[in-house]
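Student: To get our numbering, take the position in the sequence shown, counting from 1, and add 20. Backbone N, C-alpha and C define an ideal beta-carbon position, used for all residues, glycine too. As the structure is a computational prediction, the values presented were derived from the model and not from experiment.
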Amino acid sequence: MNSLVYQGLASSEATLTGDEREMGAVLVDIGAGTSDICIYRYGSPWYSSVVPVGGSQLTRDLSVALRVPYYMAEEIKVKWGHAFFPKW
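(1) Taking the alpha-carbon of residue 50 as reference, which of 93, 39, 74 has the nearest alpha-carbon?
(2) Relative to the alpha-carbon of residue 32, which residue among 61, 91, 80 has its alpha-carbon at the smallest distance?
(3) Quick check: what's the CA-CA separation for residue 72 versus residue 54?
(4) Can you tell me the Cα-Cα spacing of residue 56 and residue 47, whole angstroms?
(5) Could you give the DSSP three-state label for residue 41: helix, strand or coil?
(6) If you count every other CB in all the chains shown that lies within 10 Å of the CB of residue 94, and 16 or more means buried, which is it?
(7) Is it buried or exposed for residue 80, if we count other Cβ within 10 angstroms and need 16 for buried?
(8) In chain order, what residues of the same chain have a beta carbon less than 6 Å from the beta carbon of residue 27, not counting five sequence neighbours either side?
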């Protein structure tokens with residue numbers, strides 16, 4: 021291994037286009053236990069952070085709020101919970 025790369029930066033470089041980074045963009049990569057945040061301004065990373073909240077907590081909250089079993093809340097989250105928009 022030659023180097024390490026912060027997960028939020030790697031995700032944003034793989035997901036955001038050069039134009040999106042140049043115009044300014046926020047990428048939130050929600051993992052199971054943590055979420056990585058990377059904010060771009062003028063084409064460069066401006067801010068990044070890791071917060072200790074992830075998809076597992078969201079599933080648990082959905083389960084409580086909707087009064088359904090955890091597995092059903094996970095199915096709902098996976099089916100309806102996306103934030104990708106089509107490239108025009």
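Tutor: Judging by the given coordinates:
(1) Translated into positions along the sequence shown, residue 50 becomes position 30. Comparing Cα positions, the closest option is 74.
(2) As a working note, residue 32 is residue 12 in the sequence shown. Of 61, 91, 80, the residue nearest in Cα terms is 61.
(3) As a first step, residue 72 is located in the sequence shown; it is residue number 52 there, counting from the start. As a first step, residue 54 is located in the sequence shown; it is residue number 34 there, counting from the start. The alpha-carbon atoms of residue 72 and residue 54 are separated by roughly 5 Å.
(4) To locate residue 56, count along the sequence shown from 1; it is residue 36. To locate residue 47, count along the sequence shown from 1; it is residue 27. Looking at the two C-alpha atoms, the distance is approximately 8 Å.
(5) Within the sequence shown, the letter at position 21 stands for residue 41. If DSSP states are grouped into helix, strand and coil, residue 41 belongs with the helices.
(6) Indexing the sequence shown from 1 puts residue 94 at position 74. Classification for residue 94: buried.
(7) Looking up residue 80 in the sequence shown gives position 60. Answer is exposed; the Cβ neighbour count stays below 16.
(8) Residue mapping note: residue 27 aligns to position 7 of the sequence shown, counting from 1. Around residue 27: 56.
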